[in-house]
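In our numbering, the protein residues as written are 22 to 315.
Input: a single structure, listed below in structure tokens.
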């Protein structure tokens, strides 16, 4: 569909890619461009780069390594906007990597291809951004209309599967696992599960519902902080939940602030665990790394 050699579009998949990746990857392919993804080998090499190594929080260090690994393989990089603009200047709002990941990445890692930032929520309002993205790729309004006409029905968020909060009541203690969403995945969940617990992880719940819950409790939060607070409050209200495990990054001051905020907001025990400790045996980088969708 493109007049010349296909544009190579690289995707930084480390941060919340499962929320937005399917839609934007399919959009790129529908436009006739080539989707490129980081590889474990490329990221491993990029982690040794001085600029990447200086990134303080591990998930963002991995994301920066992915971007650098794709630098020679992509004409443009798609990166997520983790939070909507809010003007909030506390918690994650004070951390440039959380509040403005694309801007922080541009500033920290030199010689990257142009970045195209996209929202992590694929909602009906994404149309204007998708059309602008297609226009930048195709430079042809008629082709943009045709591609978007095919892709419009796909502009919806993934639907989480139902979660069982009452698994084997009386036999196992139900524990809620919460934390910044880029710190939670299946590997982290497995590392923190014990035989005596039924662990319910935040990453299996609807992030939009959790965010709305958190913002009702405290409107002065950025979206991702609100998501964690909402998950903690929702879990703590359930009679079957005995306690919470809160995962934090030991190198993040924003996570330390968030831990204090969660502990004040709920009336059940909260165990704060660093992701570095949680994955010490399993391998921090390998367990936390997120690649392209299956």
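Even glycine gets a Cβ: it sits at the ideal position worked out from N, Cα and C.
Under DSSP, the beta strand (DSSP E) around residue i begins and ends at which residues?
i	result
residue 123	Here residue 123 belongs to no beta strand (DSSP E); instead the alpha helix (DSSP H) covers 122 to 129.
residue 136	136 to 140
residue 221	218 to 222
CB residue i to CB residue j, shorter than 8 Å?
i	j	result
residue 141	residue 85	no
residue 103	residue 136	no
residue 296	residue 231	no
residue 243	residue 107	yes
residue 305	residue 282	no
residue 179	residue 264	no
residue 196	residue 220	yes
residue 268	residue 294	yes
residue 37	residue 101	yes
residue 240	residue 224	no
residue 78	residue 302	no
residue 52	residue 168	yes
residue 194	residue 210	no
Helix, strand or coil, according to DSSP, for residue i in the structure here?
i	result
residue 251	helix
residue 155	helix
residue 228	helix
residue 199	strand
residue 298	helix
residue 150	helix
residue 32	strand
residue 242	coil
residue 24	Note on residue 24: pLDDT 47, under 50, position unreliable in the model; no value is reported.
For residue i, report the span of its alpha helix (DSSP H) as first-last.
i	result
residue 3	Nothing can be reported for residue 3, as the shown portion of the chain is limited to 22 through 315.
residue 170	162 to 172
residue 308	305 to 309
residue 209	207 to 213
For residue i, I'd like the list of residues in its chain whose CB is within less than 7 Å of its CB, leaving aside the five on either flank, ordered along the chain.
i	result
residue 91	31, 57, 59 and 98
residue 44	143, 175 and 176
residue 24	At residue 24, the pLDDT of 47 sits below 50, so the modelled position is not reliable; the number obtained from the coordinates is stated separately. Closer than 7 Å at Cβ, skipping near neighbours: no residue.
Spatial neighbours of residue i within its chain, please: C-beta separation below 6 Å, excluding the five flanking residues on both sides.
i	result
residue 55	27 and 29
residue 87	33, 35, 59 and 64
residue 300	212 and 308
Excluding the 5 residues flanking residue i on each side, which residues of the same chain have their C-beta closer than 8 Å to its C-beta?
i	result
residue 82	68, 73, 74 and 76
residue 254	234, 235, 238, 286 and 287
Chain C beta carbons: is any one of them nearer than 8 Å to that of residue i?
i	result
residue 306	Among the chains in the structure shown there is no chain C, since it carries only a single protein chain.
Please indicate yes or no: does the CB of residue i lie closer than 7 Å to some heavy atom of the ligand SAM?
i	result
residue 34	This structure lacks the ligand SAM; in fact it carries no ligand of any kind.
If you scan the segment 258 to 288 from start to end, which runs of the beta strand (DSSP E) of 3 or more residues do you find wholly inside it? 262 to 269
Unbroken stretches of the alpha helix (DSSP H), 4 residues or longer, contained in the segment 50 to 125: 61 to 67, 71 to 74, 79 to 90 and 117 to 120
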